[in-house]
Amino acid sequence: MTKKIRIEEIIVVEGKSDTKRIQQVVDADTIETNGSALSQETLQKIEHAEKVRGVIVFTDPDFSGEKIRKQIAEIVPTAKHAFISRKKGEPQKKGNSLGVEHASNETIIDALKNVSTPTVELFESEIETEDLIRFGLIAGPHAKVRRELLGEKLNIGYTNGKQLKKRLKMFHIEKEIFTKAMKEILEGEKNE
């Protein structure tokens, strides 16, 4: 039997099934938020965990997961973030909700190996709203799919059109890297 990878940081997840799934794949401790309404006690646990060992926010790729992620980022701006795409969080059985608990071993390991850390220092992004429009990320028939692909490619997760520019800035994505990723995405569309 192969030895599980040990994760030093404490992983913040939404519930028991996420904890169970992550602990099947890696050796890690977790804090469960138990829903999107984070209690003061849970927020204090997360703050303390960040000071002692660091935290990785690994929430579901849906509205609730994004809401939790934002709440944590406000009180712990140095927290690391692990993301999976909506597609990789889809359940095998119809009717089950989207989530980390449905991700494959490989997806979980990849997400934890590719954590992103927003920085608190000032970063002036050269990416303008016009760039987002030009690449069809804000409006148009393919905008949502393109944002999903971009989030996956840059390890910053999915975000809606309103939040995309802020997310790119938060993770210090430079215009050159953004443009290269978008060209690859558009090239992939041509080949479909």
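Here our numbering is used: position 153 in the sequence shown is 143, and no number is missing along the way.
Note that the Cβ used here is the ideal one computed from N, Cα and C, for glycine as well.
In angstroms with no decimal places, state the Cα-to-Cα distance between residue i and residue j.
i, j, result
"E40", "F161", "18 Å"
"E174", "F168", "10 Å"
"I58", "S87", "16 Å"
"I146", "K70", "11 Å"
"V16", "G178", "33 Å"
"V90", "E166", "31 Å"
"S106", "G141", "11 Å"
"K186", "E164", "In the structure as shown, the chain begins at -9 and stops at 182. Residue 186 is therefore absent and cannot be evaluated."
"A101", "A72", "5 Å"
"I123", "K152", "12 Å"
"Y148", "G55", "11 Å"
"L28", "R11", "21 Å"
"L158", "G130", "20 Å"
"K134", "D121", "15 Å"
"E182", "R43", "44 Å"
"A18", "S94", "17 Å"
"S26", "S7", "15 Å"
"I117", "T97", "29 Å"
"E138", "Q13", "27 Å"
Go ahead and pull the three-state DSSP assignment for residue i.
i, result
"I0", "strand"
"D17", "strand"
"E31", "helix"
"E22", "strand"
"K70", "strand"
"R157", "helix"
"R11", "helix"
"E174", "helix"
"E166", "helix"
"E182", "coil"
"I36", "helix"
"K(-6)", "coil"
"K77", "helix"
Anyone know if the C-beta pair for residue i and residue j falls short of 8 Å?
i, j, result
"T20", "T32", "no"
"E(-1)", "V66", "no"
"R136", "L144", "no"
"A171", "P108", "no"
"I(-5)", "I99", "yes"
Under 8 Å, Cβ to Cβ, is there at least one residue of chain B near residue i?
i, result
"I0", "Within the model displayed, chain B is absent; a lone protein chain is all it includes."
- Between the region 72 to 80 and the region 29 to 42, do at least 3 Cβ pairs fall closer than 8 Å? For the pair of segments examined, the region 72 to 80 was found not to touch the region 29 to 42: the number of CB pairs separated by less than 8 Å stays below three.
- For the region 89 to 142, which segments carrying the alpha helix (DSSP H) assignment without a break, of at least 4 residues, lie completely within its bounds, in sequence order? The region 89 to 142 contains, as complete alpha helix (DSSP H) runs of 4+ residues, the segments 95 to 103 and 119 to 124 (chain order).
- Message: Taking 8 Å as the cut-off, does the region 46 to 62 touch the region -8 to 3 (at least 3 CB pairs, one atom from each stretch)?
- Response: The way I'd put it, the region -8 to 3 does touch the region 46 to 62; three or more beta-carbon pairs between them come closer than 8 Å.
- Message: List, from N- to C-terminal side, the beta strand (DSSP E) runs of 3 residues or more that fit wholly inside the region 38 to 68.
- Response: 45 to 47
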